[in-house]
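Numbering-wise, numbering that gives the first Met the number 0 puts 164 at position 165 of the sequence shown, and it's gapless, one number per residue.
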Amino acid sequence: MSNRHILVVDDELINLEIIREYLEEAQYDLDLVENAEIAWHRLENATTPYDLVILDRMMPGMNGIELLKKMKGDDRFRQIPVIMQTAATDPRQVKEGIEAGAFYYLAKPYEPETLLAIVRAAIDDIEERETATRHALAHVKAMELLDQAEFRFRTLGEVGPLIEVLASLAPNPALAATGLTELLVNAVEHGNLGISYAEKKRMRLENTWEQAVQLRQNMSEYCERCVRVSIKRHFDRLVFTVTDEGAGFDWQRYLDFDPERMSDPNGRGIAMARMLSFANLEYIGNGNTVVATIRAGV
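Right, dumping it as structure tokens:
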């Protein structure tokens, strides 16, 4: 299924063995260590870079939050996604982890399906980011001449080629690609296809998301819906406007990370995009139009 390289850090040997049992069957390449100091040494000396880190919060010596902050403060490891596993579910502690850079949370104890769903979601995000980055860097020079444009697309399969165009307009195409991909995918899934947060969570946990999206895409009530994306270049900024044909959604809930959804395999993308990719992100009306701004020269 996957040969992604995953570093697992936990001071409890039984927890390491449980994670090994759950994930080795999915053919992930695991490296298990007992403390944060060893983990940092492995990060610095890995012959094959790590794609993902599963990190226990509470450990003697350097704890999980300290290692996380150290990773996010180092250009070599800043982009590695981290799943923070913890028995501490106090909202303040969860917020601390999220603000330190843990975009995925796993509350102990957890079922195998939950661990696998969170890991799959993180790996999917990695692959989307890598694809978007490759696309965005393809035609940077030519797209510097574009002043304004409007595009229309319908399916998730069309997002990648469109990101190639849109993100190449930005000063940092890779960073723009991450945020724009999130907005365009949301416009299809939650906008035009009307997939709710709860439905996507269930699909992720059951590993049926891709099949369910394709099935709904072909239904008569959804198959003709389109998403429109406009781009306008100003002297000091780029403004992207994304509009879908759905009924909208409760977008206010997703602008920030919510501790109550910390262990869900979905629901963090808008907050990540707002924090990492855009100078400003504004939803209009019922949420089926979003305006994202990227500063020029940033």
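C-beta atoms are modelled at their ideal positions from N, C-alpha and C, and glycine is treated no differently.
(message) Could you compute how far the alpha carbon of methionine 0 sits from the alpha carbon of tyrosine 27?
(response) For this step, residue 0 is matched to residue 1 along the sequence shown. For this step, residue 27 is matched to residue 28 along the sequence shown. No answer about methionine 0 holds up, because its pLDDT of 42 lies below 50 and its placement is not dependable.
(message) When you compare the CB positions of valine 212 and leucine 192, do they come within less than 8 Å of one another, or not?
(response) Residue mapping note: residue 212 aligns to position 213 of the sequence shown, counting from 1. Residue mapping note: residue 192 aligns to position 193 of the sequence shown, counting from 1. Yes; because the gap between Cβ atoms is below 8 Å, this pair is in contact.
(message) If distances are taken between C-alpha atoms only, which option among Gly266, Ile269, Val93 comes closest to alanine 106?
(response) Reading the sequence shown from its first residue, position 107 is the one you call residue 106. It is Val93.
(request) Pull up the distance between the alpha-carbon of arginine 215 and that of valine 187, whole angstroms please. (result) Walking along the sequence shown from the start, residue 215 turns up at place 216. Walking along the sequence shown from the start, residue 187 turns up at place 188. Going by the C-alpha atoms only, they are around 11 Å apart.
(request) Mind checking which residues open and close the beta strand (DSSP E) that includes leucine 12? (result) Working through the sequence shown from its first residue, we reach residue 12 at position 13. First-last for leucine 12: 12 to 23, but that is the alpha helix (DSSP H), not the beta strand (DSSP E).
(request) Within the stretch 40 to 93, note down every full beta strand (DSSP E) run reaching 3 residues or more, in order along the chain. (result) 51 to 55, 81 to 85
(request) Taking glutamine 216 as part of the alpha helix (DSSP H), name the residues at either end of that continuous run. (result) For the purposes of this step, residue 216 is identified with residue 217 of the sequence shown, where counting begins at 1. Run containing glutamine 216: 208 to 216, per the alpha helix (DSSP H) assignment.
(message) Please give me, in chain order, every unbroken run of the alpha helix (DSSP H) with length at least 4 that falls completely inside the stretch 170 to 250.
(response) 172 to 185, 196 to 205, 208 to 216
(request) Tell me where the alpha helix (DSSP H) around alanine 291 begins and ends. (result) Start at 1 with the first residue of the sequence shown, and residue 291 comes out as number 292. That residue, alanine 291, is in no alpha helix (DSSP H); its beta strand (DSSP E) goes 288 to 294.
(request) Give me the Cβ distance between leucine 182 and valine 289, rounded to the nearest whole Å; I'm assuming they're in contact under 8 Å. (result) Residue 182 sits at position 183 when you count from the first residue of the sequence shown. Residue 289 sits at position 290 when you count from the first residue of the sequence shown. With a Cβ gap of about 6 Å, leucine 182 and valine 289 count as contacting.
(message) Using C-beta distances below 6 Å, list every residue in its chain close to asparagine 287, excluding the 5 sequence neighbours before and after it, in chain order.
(response) Within the sequence shown, the letter at position 288 stands for residue 287. Hits under 6 Å: Gly190, Asp243, Gly245, Gly247.
(message) Distance check for arginine 77 and histidine 40, CA to CA, integer angstroms please.
(response) By 1-based counting over the sequence shown, the position of residue 40 is 41. By 1-based counting over the sequence shown, the position of residue 77 is 78. The straight-line gap from Cα to Cα measures roughly 16 Å.
(request) Take serine 229 as the anchor and find which of Val238, Gly100, Arg273 has the nearest alpha-carbon. (result) The sequence position of residue 229 within the sequence shown is 230, counting from 1. It is Val238 whose Cα lies nearest to the Cα of serine 229.
(message) Once the 5 residues before and after glutamate 11 are set aside, which same chain residues still bring their CB inside 8 Å of it?
(response) Along the sequence shown, read from residue 1 onward, the residue named residue 11 stands at position 12. Correct list, in chain order: Asp55.
(request) Look up tyrosine 104 in the DSSP assignment and say whether it is helix, strand or coil. (result) Within the sequence shown, residue 104 is the residue found at index 105, counting from 1. Reduced to three states, the DSSP call for tyrosine 104 is strand.
(message) Out of Pro111, Lys68, Asn217, Phe152, which one is the CA nearest neighbour of glutamate 98?
(response) Looking up residue 98 in the sequence shown gives position 99. When each option's Cα is compared against that of glutamate 98, the closest is Lys68.
(message) If you follow the alpha helix (DSSP H) that alanine 270 is in, where does it begin and where does it stop?
(response) Indexing the sequence shown from 1 puts residue 270 at position 271. From DSSP, the alpha helix (DSSP H) with alanine 270 extends over 268 to 275.
(request) In angstroms with no decimal places, state the Cα-to-Cα distance between histidine 233 and methionine 274. (result) Numbered from its first residue, the sequence shown carries residue 233 at position 234. Numbered from its first residue, the sequence shown carries residue 274 at position 275. So the alpha carbons of these two residues sit roughly 22 Å apart.
(request) Please list, in chain order, all residues of the same chain as tyrosine 282 whose beta carbon is under 6 Å from its beta carbon, the five residues on each side excluded. (result) To locate residue 282, count along the sequence shown from 1; it is residue 283. These residues qualify, in order along the chain: Trp250, Val289.
(message) If the criterion is Cβ atoms closer than 8 Å, does the pair leucine 42 and leucine 15 meet it?
(response) Position 43 of the sequence shown holds residue 42. Position 16 of the sequence shown holds residue 15. It is not a contact, given that the beta carbons lie outside the stated cut-off.
(request) Counting only the same chain and skipping the five closest in sequence on each side, list residues whose C-beta sits under 7 Å from that of alanine 169. (result) Here residue 169 is taken as the residue at index 170 of the sequence shown, counted from 1. Same-chain partners within the cutoff: Ala175, Leu237, Ile293.
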